[in-house]
Structures are given as C-alpha cells and as structure tokens.
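> First, the structure itself, so that you have it in front of you.
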Amino acid sequence: MTELQTYDAIIMGGGLAGLTLAIQLRRRFPDIDILVLERRPHPAPAAAFKIGESTVEIGAHYFADTLGLREHLDTEHIRKFGFRFFFSEGRRDLHNVTELGVREVLPTPTWQIDRGIFENFLGERARELGVRFLDGAIVRTFEIADGKGDALHRVSYEHEGNTVDARARWLLDASGRIGLIKRKLDLSEANAHDANAVWFRIDARLPIDACSDNSEWASQCTPPERWRSTNHLNGPGYWAWLIPLSSGAHSVGIVCDAAMHPLATMNTFEKSMDWLRAHQPLIADMVDDAMATKGREALLDFAFFRNFSYSCKQVFSSDRWALTGEAGLFLDPFYSPGSDFIAIANTYICDLIAHDRKGDSLAPYARIYQDLYFSFYRNTLALYQDQYPLFGNAEVMPIKVLWDYTYYWGVLCQLVFQQRLTDIALLGELRDVLAEAQELNRLMQAFFLHWHAHTADTHENPAVMLDQGRLPWFFDINRTLHDTLDDAQLRMRLRENVVQLRALGETILQRAAESGVLVDAATLASFAPCDSDQLAEDKRPTLFAQAA
Numbered sequence: 001m002t003e004l005q006t007y008d009a010i011i012m013g014g015g016l017a018g019l020t021l022a023i024q025l026r027r028r029f030p031d032i033d034i035l036v037l038e039r040r041p042h043p044a045p046a047a048a049f050k051i052g053e054s055t056v057e058i059g060a061h062y063f064a065d066t067l068g069l070r071e072h073l074d075t076e077h078i079r080k081f082g083f084r085f086f087f088s089e090g091r092r093d094l095h096n097v098t099e100l101g102v103r104e105v106l107p108t109p110t111w112q113i114d115r116g117i118f119e120n121f122l123g124e125r126a127r128e129l130g131v132r133f134l135d136g137a138i139v140r141t142f143e144i145a146d147g148k149g150d151a152l153h154r155v156s157y158e159h160e161g162n163t164v165d166a167r168a169r170w171l172l173d174a175s176g177r178i179g180l181i182k183r184k185l186d187l188s189e190a191n192a193h194d195a196n197a198v199w200f201r202i203d204a205r206l207p208i209d210a211c212s213d214n215s216e217w218a219s220q221c222t223p224p225e226r227w228r229s230t231n232h233l234n235g236p237g238y239w240a241w242l243i244p245l246s247s248g249a250h251s252v253g254i255v256c257d258a259a260m261h262p263l264a265t266m267n268t269f270e271k272s273m274d275w276l277r278a279h280q281p282l283i284a285d286m287v288d289d290a291m292a293t294k295g296r297e298a299l300l301d302f303a304f305f306r307n308f309s310y311s312c313k314q315v316f317s318s319d320r321w322a323l324t325g326e327a328g329l330f331l332d333p334f335y336s337p338g339s340d341f342i343a344i345a346n347t348y349i350c351d352l353i354a355h356d357r358k359g360d361s362l363a364p365y366a367r368i369y370q371d372l373y374f375s376f377y378r379n380t381l382a383l384y385q386d387q388y389p390l391f392g393n394a395e396v397m398p399i400k401v402l403w404d405y406t407y408y409w410g411v412l413c414q415l416v417f418q419q420r421l422t423d424i425a426l427l428g429e430l431r432d433v434l435a436e437a438q439e440l441n442r443l444m445q446a447f448f449l450h451w452h453a454h455t456a457d458t459h460e461n462p463a464v465m466l467d468q469g470r471l472p473w474f475f476d477i478n479r480t481l482h483d484t485l486d487d488a489q490l491r492m493r494l495r496e497n498v499v500q501l502r503a504l505g506e507t508i509l510q511r512a513a514e515s516g517v518l519v520d521a522a523t524l525a526s527f528a529p530c531d532s533d534q535l536a537e538d539k540r541p542t543l544f545a546q547a548a
C-alpha cells in the first residue's frame, strides 16, 4: 500500500535532537505540520539506551526554559552536583588526592538525564503538541529539492508494514551518526581531534561517597552526595566518567587520546575492566561489587566509538534543509557539550523557518547562522584538541577547568541565555569582543600545554579539595546567567567578561611564572596590559591558593 502525504517539515530522526526540534517548532509555530520519523520503537528502555546523559548550562536551559520541561527534569531526573574531578590515576584513596568540585550546588541548575526516560517523555510531549511522531519508522529513500519556488523534498519510509511517500517544504536531518543527508551529499569532514570512547551501564548505584571512611572528606559536601556529580577520574591522556541515572543505574565511560591509550586495550567489557583495574581501580572495584551482587545481568550494555569527533561541510541550506545534533557534527563528551549544540542548531533552524514563513530570502541567514555555528564549534574544539595529555596533571588541569568554565559562561552562555543567537546586528557590533575572546582562548589553551610540559613529571597531587564555588568572581558568573539584559546591558556584560577573561589569563601566567615556568614575552604581551581597573573587586579573578 502506498500513500502520499505533505508536511511543512519532515524530521528524519526522533531522538533527542529531532524531538526537541519538533517541540521547539510547535511551541513557536502552533500551526506548523511536522512529521518525525524514528527508526527505534518506543517506549525506549531506561538506562541502557544512549550516552549524553550529563547536561551543562546551555543544554539544561534549553530543555528547562526554551522547551518548558523544568517540571519533568525536576521530578524524573537527578539534579546534578556539578562537575567533579579526581586526579586518581592508579589510586583507590580519593580522599588522599586532589579533588576539584563544589561543596554546594551552584545556582544555575543542570541535570543528569536518563535518555530512555527523557526521550519517551519527549515523544509523548511532541504528540500532545500535535506533532505526528512515528516510532519504528524507517527512511528508505529521500530526494532533496533545489529550494526554488515551492519545490518539495520527498521521503519514502516504511512503517507498520506500509510504504509511505511523503513530501515536505523543509527536510531536517536528526538521524544521528547515520547522517542521512551528510552521506547523500558527501558533507562529512574530519577534524584533528583523535580520541576514542567506551562506555557501559551498570544496574546499580555506584557508591562513590562510601569509598572512603574518612569522615572529614565525606562531610565536605552539603549534602554529602558526590554521587550526583558527573565524576571525572582523571589520568594522563584520559578521563573516566561516572554518571548516575534516575532509573537507579550508573553510566560508566572511558575517553582517551587514541595515541596514548589505544582502543584495542578496552574495546570489550572484559578489556575495559582490566584497563580500569590498572588505571582507575576504584571504579573497577565498584563495578565488580555490583556484578557480584546481581550477576552478569547487572551489565545493561557495552559500546565504543572510534575517532568519535568529527565536523561537517554544511549544516544549513537555503534549499530548505538542515542538520542538527550528531547528524551534523560532534565535539567531545568532556564538558558535555552535545545538548548545547543541539540547542544552538535547533534555534537556528527554527529561525530559518521563521524567515521562510515571512517570505524572506534564506541565503544570507543560512550563511550567517552556519558561520556562527561553525565558529562556536571551532572555539569549543580548542578546549579538547591536543589537551588530553594534561588531563592527569593536578597542578595545571584545575586551572584549565577554571578558564574553560569562565570562557563558556562568560561568552557563549550569555548569547544563549539572553536569546541573542540570531541577533545578527548585535553580533556584528560585538564582533571585535567575540574575536578577542576567541584569540585569548586559543593562546591560553596553547599555554596550558606548555605549562604541562614543564610540570608533567614534577606536579604534586595533594589531598585537597579545590572548590571553584568559593571563588566569588567565579560563583557570580554562574549566579547571573539568568539575568535579563537589554542590548546595552548585554554589550556591557560581554565586554566586561572579556576584560575578566584577560585578567584571569594574566593571573594564570603569573601563577605559572611563580612556579618556575618560562612565560614567553609574546604570550605575556597578549594578556597585558589588562584593564582590570574596569572590574569590581569581587570580579577580579583569583586562583586556588592550594594549586600553587
């Protein structure tokens, strides 16, 4: 049986990117007619489903506020206790190593998301809003129209034994790493970040808070629930994650520089456990204990990605097609930016459709939005590319994390939280400020590698908790993310934040020089003179005293 149906938009892929895009479109345009095609059946299983469970500020804000899903996040998922880092290569005694993490939850909320529970909810919510969401629907073929006039894209899909032909004005690819449009149009593009990941889910809560009988260590957090954090256990060239899920399971992952830790050493569950026993034995102990209690069925899944990071030649087209989520590009799971880039891409797609509905020419908007999106991608990639060797450095890495957060909260988060991603005039006016922030970040990432090279074999790993929440200037950036700013106030804040970033860089260089690291004149000149007189006293960056 063959049918023919016509829609305003067809979204190929009904995972996180596709369903959130459908919901955002329906909330903005209540009359828009959308078909979402998802090959997996619903309901999806809890816990053992997909990675990408940890949200950070942009993705969390998008889910909670842009899409209006805060109540679901609060009631069905886990409020995250921030990022937490332990420099625990080969160690079980977490209370005796350097810990980077807050004692109390920061003001701007983020969540640990069980992707199965969340995507089931998104599917139901999309249907409630009038989206035609078909699970168990497989795209067989599609044809991309040239975008001239009213030419429509064509999609043929199979659902419940029927072959259906559909047409749409917009064709939106949220098919994940399958990359339907990317593959058809040969848009795939590599980047220079060569890293691999393995992960699995265990049907048990891994008790990181009980790993030490040191009562002083246990009581440092309020409440004493480190398990709610995205816990990073770091070593040279890698980090391992522990992420709790509201279903009661725990997500475990290892992410490595491909040259320093070959995938062949961890590409089965048994090999990954051997690797953990050598590098992060505490995680291996907790997993072993869970499996001793529940048996092999405690292991819910196991998977790996080789060379997981990639780019794309084009994501938005004036021919009325676009890519979102992993159908376009992917950075790195460190700092959990996946949901952030879904939020950004979806927002640009919604605005392109708004311009189309008004009859505007799409070409200039598609080009500008794509340039901005790729710029955000490249700037964020700089946080990861070539940086993995220093991840186990307890002297340099905490300072890098401070810098990376300051850059993220102070620049990109401001544009998203203030709903200015599509304000071309304002972004043009701020071009010099954004370019300055980008250049400062490039220089500082290079300096972190230089600092690490100087201290790789000599850095200490003292038993200390470095609480970035107790740095007033740092806490304040997080606290004020939800401020409502007009254009003049936003311009002022971004300029002030870049001054603060420059002052932070100057402070970092001073700290490194005091520890005997040679800082070249060109780098010093790039961060000085810093006009720190523009900063209020509580905004002047300071570092952890213990990190010296």
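So the sequence shown is numbered by the numbering used here: it starts at 1 and just counts up by one. Glycine residues also receive a C-beta, built at the ideal position from the N, C-alpha and C atoms.
Whole alpha helix (DSSP H) runs in the segment 258-310 with 4 or more residues, listed along the chain?
269-279, 281-294
> Identify the continuous beta strand (DSSP E) that holds residue 83 and give its terminal residues.
To locate residue 83, count along the sequence shown from 1; it is residue 83. Looking at the DSSP string, the run of the beta strand (DSSP E) that includes residue 83 is 83-87.
> Do residue 338 and residue 13 come within 9 angstroms of each other at the CB atom, strictly closer than that value?
The residue you call residue 13 lines up with position 13 of the sequence shown. The residue you call residue 338 lines up with position 338 of the sequence shown. In this structure, residue 338 does not lie closer than 9 angstroms to residue 13 by Cβ.
> Is there contact between the segment 111-131 and the segment 141-155, where contact requires at least three CB pairs shorter than 8 angstroms?
no
> Among residues of its own chain, excluding the 5 on either side of residue 229, which ones have a beta-carbon nearer than 7 angstroms to its beta-carbon?
Stepping through the sequence shown from its first residue, residue 229 is reached at position 229. Answer for residue 229: 80, 81, 82, 83, 84, 101, listed in chain order.
> Nearest-angstrom Cα distance between residue 382 and residue 291?
Position 382 of the sequence shown, counting from 1, holds the residue named residue 382. Position 291 of the sequence shown, counting from 1, holds the residue named residue 291. Rounded to whole angstroms, residue 382 to residue 291 spans 39 angstroms at the Cα level.
> Does DSSP classify residue 546 as helix, strand or coil?
Within the sequence shown, residue 546 is the residue found at index 546, counting from 1. Interpretation of residue 546 is limited by its pLDDT of 46, a score under 50 that renders its predicted location unreliable; no figure is taken from the coordinates.
> Just the Cα atoms here: how many angstroms apart are residue 122 and residue 20?
Along the sequence shown, one-based indexing puts residue 122 at 122. Along the sequence shown, one-based indexing puts residue 20 at 20. Linking residue 122 to residue 20 through their CA atoms gives a straight-line distance of about 7 angstroms.
> Residues bridged to residue 132 by DSSP?
Stepping through the sequence shown from its first residue, residue 132 is reached at position 132. DSSP, once it has assigned bridges, lists 35 as partnering residue 132.
> Could you spell out where the alpha helix (DSSP H) holding residue 177 opens and where it closes?
Residue 177 sits at position 177 when you count from the first residue of the sequence shown. No alpha helix (DSSP H) contains residue 177, which DSSP labels as neither H nor E.
> Does DSSP put residue 460 in a helix, in a strand, or in coil?
The count along the sequence shown starts at 1 and reaches residue 460 at position 460. Of the three classes helix, strand and coil, the one that applies to residue 460 here is coil, per DSSP.
> Identify which residue in 267, 373, 511, 198 has its Cα closest to the Cα of residue 422.
Here residue 422 refers to the residue found at position 422 when the sequence shown is read from its first residue. Residue 373 is the option with its Cα nearest to residue 422.
> With hydrogens ignored, establish whether the beta-carbon of residue 142 is closer than 8 angstroms to any heavy atom of the ligand ZN.
Of the ligands one can find in the structure shown there are none, so the ligand ZN has no counterpart to examine.
> When you compare each of 60, 74, 133, 120 to residue 7 by their alpha carbons, which one comes out closest?
The residue labelled residue 7 in the question sits at position 7 within the sequence shown. With respect to the C-alpha of residue 7, the residue from 60, 74, 133, 120 having the closest C-alpha is 133.
> Check whether the segment 162-178 touches the segment 312-328, counting contact only when three or more Cβ pairs, one atom from each stretch, lie closer than 8 angstroms.
yes
> With a floor of 4 residues, list each alpha helix (DSSP H) that falls wholly inside the segment 46-113, ordered by position along the chain.
Runs of the alpha helix (DSSP H) inside the segment 46-113: 57-61, 70-76.
> Relative to the C-alpha of residue 551, which candidate in 129, 29, 55, 493 has its C-alpha closest?
With the chain covering only 1 through 548, there is no way to say anything about residue 551.
> Within the same chain, show all residues whose beta-carbon is closer than 6 angstroms to that of residue 233, passing over the 5 residues directly before and after it, in chain order.
What you label residue 233 is simply residue 233 of the sequence shown in a count that begins at 1. Listed in chain order, the non-local C-beta contacts of residue 233 below 6 angstroms within the same chain comprise 86, 88, 240, 280, local neighbours out to five positions each way being set aside.
> Span of the beta strand (DSSP E) holding residue 165?
Counting from 1 along the sequence shown, the entry for residue 165 is found at position 165. Where residue 165 is concerned, the enclosing beta strand (DSSP E) stretches over 162-173.
> List the whole-angstrom C-beta distance separating residue 384 from residue 331, where the pair is believed to meet the contact cut-off of C-beta under 8 angstroms.
For the purposes of this step, residue 384 is taken as the residue at position 384 of the sequence shown. For the purposes of this step, residue 331 is taken as the residue at position 331 of the sequence shown. About 7 angstroms separates the CB atoms of residue 384 and residue 331; that is less than 8 angstroms, so the two are in contact.
> Does the distance from the C-beta atom of residue 189 to that of residue 312 stay below 9 angstroms?
In the sequence shown, residue 189 corresponds to position 189, counting from 1. In the sequence shown, residue 312 corresponds to position 312, counting from 1. Going by C-beta atoms, residue 189 is nearer than 9 angstroms to residue 312.
> Classify residue 30: buried if its beta carbon has 16 or more other beta carbons within 10 angstroms, exposed otherwise.
To locate residue 30, count along the sequence shown from 1; it is residue 30. With fewer than 16 other Cβ atoms within 10 Å, it is exposed.
> Residue 157 by DSSP, collapsed to three states: which one?
Within the sequence shown, the letter at position 157 stands for residue 157. Strand at residue 157.
> Decide if residue 395 is buried, meaning its Cβ has at least 16 other Cβ atoms within 10 Å, or exposed.
As a working mapping, residue 395 is identified with position 395 in the sequence shown. When all chains shown are included, residue 395 counts as buried.
> Exposed or buried, which one is residue 431 when buried takes at least 16 other CB atoms within 10 Å?
Reading the sequence shown from its first residue, position 431 is the one you call residue 431. Burial call: exposed.
> Leaving out five residues on either side along the sequence, give the residues of the same chain with a beta carbon under 7 angstroms from the beta carbon of residue 461.
Locating residue 461 in the sequence shown gives position 461, counting from the first residue. So the list reads 87, 97, 98, 394, once near-sequence residues are dropped.
> Near residue 369, which residues of its chain fall below 6 angstroms by C-beta distance, leaving aside the five closest residues on each side in sequence?
Against the sequence shown, residue 369 aligns to sequence position 369. Taken in chain order, the residues that qualify are 316, 348.
> Within its chain, find whatever has a CB closer than 8 angstroms to the CB of residue 376; leave out the 5 residues flanking it on each side and keep chain order.
Residue mapping note: residue 376 aligns to position 376 of the sequence shown, counting from 1. If we look at residue 376 and ignore the five residues flanking it on each side, its Cβ neighbours are 341, 344, 412.
> Taking the CB atoms as reference points, tell me whether residue 478 and residue 24 lie closer together than 9 angstroms.
In the sequence shown, the residue the question calls residue 478 occupies position 478. In the sequence shown, the residue the question calls residue 24 occupies position 24. Contact: no.
> Tell me the rounded alpha-carbon separation between residue 351 and residue 424.
Counted from its first residue, the sequence shown places residue 351 at position 351. Counted from its first residue, the sequence shown places residue 424 at position 424. Whole-angstrom Cα-Cα distance: 12 angstroms.
> Please classify residue 162: is it buried, with 16 or more other beta-carbons within 10 angstroms of its beta-carbon, or exposed?
Within the sequence shown, numbered from 1, the residue matching residue 162 stands at position 162. That one is exposed.
> Would you list the one or two residues that DSSP bridges to residue 549?
Lying before the first or after the last residue shown, residue 549 is absent from the chain, which here runs from 1 to 548.
> Check whether the segment 264-273 and the segment 216-227 touch, using three or more Cβ-Cβ pairs below 8 angstroms as the test.
No: fewer than three Cβ pairs fall under 8 angstroms.
> So is residue 166 buried or exposed if we call it buried at 16+ other beta carbons inside 10 Å?
Position 166 of the sequence shown, counting from 1, holds the residue named residue 166. Residue 166 should be labelled buried.
> What is the DSSP secondary structure of residue 251, reduced to helix, strand or coil?
Your numbering for residue 251 matches position 251 in the sequence shown. The answer is strand: DSSP assigns residue 251 an E or B state.
> Measuring CB atoms only, is the segment 250-257 touching the segment 203-214, in the sense that at least three cross pairs come out at less than 8 angstroms?
Yes: the two stretches touch, three or more of their Cβ pairs being nearer than 8 angstroms.
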